[in-house]
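> In my numbering, the protein residues as written are 2 to 292.
Note that the Cβ used here is the ideal one computed from N, Cα and C, for glycine as well.
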Ligand SMILES: Nc1ncnc2c1ncn2[C@@H]1O[C@H](COP(=O)(O)OP(=O)(O)OP(=O)(O)O)[C@@H](O)[C@H]1O
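1. Quick check on residue 265: does DSSP put it in helix, strand or coil?
2. Just confirm the distance between the C-beta atoms of residue 21 and residue 134, as a whole number of angstroms; I'd bet it's less than 8 Å.
3. With DSSP as the reference, label residue 212 as helix, strand or coil.
4. Is residue 3 helix, strand or coil by DSSP?
5. I'd like to check one pair, residue 65 with residue 97: are the Cβ atoms closer than 9 Å?
6. In this structure, how does DSSP classify residue 179 when only helix, strand and coil are distinguished?
7. Residue 38 and residue 70 look like a contact to me (Cβ under 8 Å); what is the Cβ gap, rounded to whole Å?
8. With 16 as the cutoff for other CB atoms within 10 Å, does residue 239 come out buried or exposed?
9. Pull the bridge partners of residue 23 from the DSSP assignment, please.
10. Between 143, 174, 186, 91, which lies nearest to residue 157 when the distance is taken from Cα to Cα?
11. Does the contact criterion of 3 or more C-beta pairs under 8 Å hold for the region 173 to 180 versus the region 120 to 137?
12. At the level of alpha carbons, what is the spacing between residue 120 and residue 81?
13. Relative to the C-alpha of residue 261, which residue among 32, 202, 48, 23 is closest?
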């Protein structure tokens, strides 16, 4: 399957990356909903299951978790053009602020610093040819997130939320933010959608049932992933072996692989029918288009 850019035309940007066909953001309205675990497992599934050339940019400069989750810790080498060479593991080329600063150093960033750090991690990196660069965004919808979304030429965004009402309210803010910066939303991922008891196999809907499905329907968006609450995901994150690597045949891995396939499908649809971008935004109030 060959990719060409699915980005909608007309947007200009400072941080356009040559050789990178699509850049997608994995975002969440608030922290702790599983955005990084989703970005990591999605990136690995895209590389291993969909056999695409994948990069993973940890733009979560406030709390970079990609180095631990991907089990990478060496400082990136520099090539003869003085560009950093991404650190590769599990078939994914990675870059993270966590690789560039001392461990445990406090990461206190002002807006402009975030952008210069991001410039270093995008333009300053020898990404080579990539089908998709997956960007693990900082949580929330503040200035930093808006600048990143505006400056990276994003083909689309994936919004991660838990099924709880409060998390979904935050997800709504994420949806509005991408709408304002005119980035199409590929869909919503419901993380921790249910807990399947390992003893009796009975699913428990700890954070409520179908919240994300309802929000997606209300916003005219697709629900492109439902990831159960599973110990193996947390263990995989902590141990630096993503669950899609350690047990690719498990139900959880299947959920991430389905998500990866939905992302590929979404990008393909956007490319074939750029009007989708407008369609994807149909249910967002008109006022938010004006800015
Ligand atoms: N579906 C899941 N099942 C079990 N544990 C999960 C699941 N998703 C995430 N976790 C765990 O929850 C914690 C928070 O997840 P993660 O770091 O991915 O969230 P985040 O939204 O990126 O957080 P932050 O805002 O801090 O960047 C991690 O310990 C992770 O392993």
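In short:
1. In the chain shown, residue 265 corresponds to position 264, counting from 1. It is helical.
2. Translated into positions along the chain shown, residue 21 becomes position 20. Translated into positions along the chain shown, residue 134 becomes position 133. Correct: roughly 5 Å between the Cβ atoms.
3. Here residue 212 corresponds to residue number 211 of the chain shown, with the count starting at 1. Three-state result, residue 212: helix.
4. The residue labelled residue 3 in the question sits at position 2 within the chain shown. Residue placement at residue 3 is poorly supported in this model, since its pLDDT is 33, which falls under 50; the coordinates are not used for a value here.
5. Taking the first residue of the chain shown as position 1, residue 97 is located at position 96. Taking the first residue of the chain shown as position 1, residue 65 is located at position 64. Less than 9 Å separates the beta-carbon of residue 97 from that of residue 65.
6. Position 178 of the chain shown, counted from the start, is the residue given in the question as residue 179. In this structure, DSSP gives residue 179 a helical state, which the three-state scheme calls helix.
7. Against the chain shown, residue 38 aligns to sequence position 37. Against the chain shown, residue 70 aligns to sequence position 69. About 7 Å; that satisfies the 8 Å criterion.
8. For the purposes of this step, residue 239 is taken as residue 238 along the chain shown, with counting starting at 1. So residue 239 counts as exposed.
9. Reading the chain shown from its first residue, position 22 is the one you call residue 23. Answer is 133.
10. In the chain shown, the residue the question calls residue 157 occupies position 156. Nearest option by C-alpha distance: 186.
11. no
12. On the chain shown, residue 120 is found 119 positions in, with the first residue counted as 1. On the chain shown, residue 81 is found 80 positions in, with the first residue counted as 1. If I take the Cα positions, the gap works out to 19 Å.
13. As a working mapping, residue 261 is identified with position 260 in the chain shown. For the residues 32, 202, 48, 23, the minimum Cα distance to residue 261 belongs to 48.
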